[in-house]
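Working notes for the structure below.
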Amino acid sequence: MAEFDPAAVEWGRVYVEALALTRTLKVSEAEADEVVQLGVTLVIEGEKPFDPGGGATLADHVVQVGKAARNKQRRVERRRRDPERLAKLEHYTDVPPATPEQLTDAREE
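Just add 1041 to wherever you are in the sequence shown, counting from 1, and you've got the working numbering.
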C-alpha cells in the first residue's frame, strides 16, 4: 500500500469531483451530498483508508465508501422497523425493545 497523507489532500477539489461522480448515479442533490460527506468523513478518520496504488481515484474511493456507508445505514434502519424482527426480539427476551426515546434518555444519564 502506498503512503497516503489526508492532511496533504486538497479536500475541496476532491469533494467537488466526488459530488459530480455521485450525481451521475441519478440521485437527488441531498443524497449525493450525504454520500460524499459520509465518504470523506470515513476516509479522513481512517476507517476506510485510501490506497493511491489501488487503481481508483480518491474521488471514486470517497463515492464508493459513502455509498456503502449510506446503504448500511438504510439497511440498519429497515431492520429496526421490521415488525417480525421486533416480535422475535420481544419473544426471546420477554421484554419489548427500547424505543428511540428510551435509548436517548439512557445515553443522557
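The beta carbon of each residue, even a glycine, is placed where N, CA and C say it ideally should be.
Helix, strand or coil at residue i according to DSSP, with G and I counted as helix
i: THR1065; result: coil
i: LYS1108; result: helix
i: GLU1086; result: coil
Residues near residue i in its chain [Cβ-Cβ closer than 8 Å; skip 5 each side]
i: LEU1060; result: ALA1073, ASP1074, VAL1077
i: VAL1068; result: VAL1076
i: LEU1062; result: ALA1100, ASP1101, VAL1104
Cutoff 7 Å; reference residue i; Cβ partners in own chain excluding five residues on either side
i: LYS1089; result: LEU1083, VAL1106
i: ARG1111; result: GLU1075, VAL1076, LEU1079
Exposure label - residue i; buried when at least 16 CB within 10 Å
i: LEU1079; result: buried
Residue i versus residue j: straight-line alpha-carbon distance, rounded
i: PRO1141; j: GLY1094; result: 43 Å
i: ARG1126; j: GLU1058; result: 40 Å
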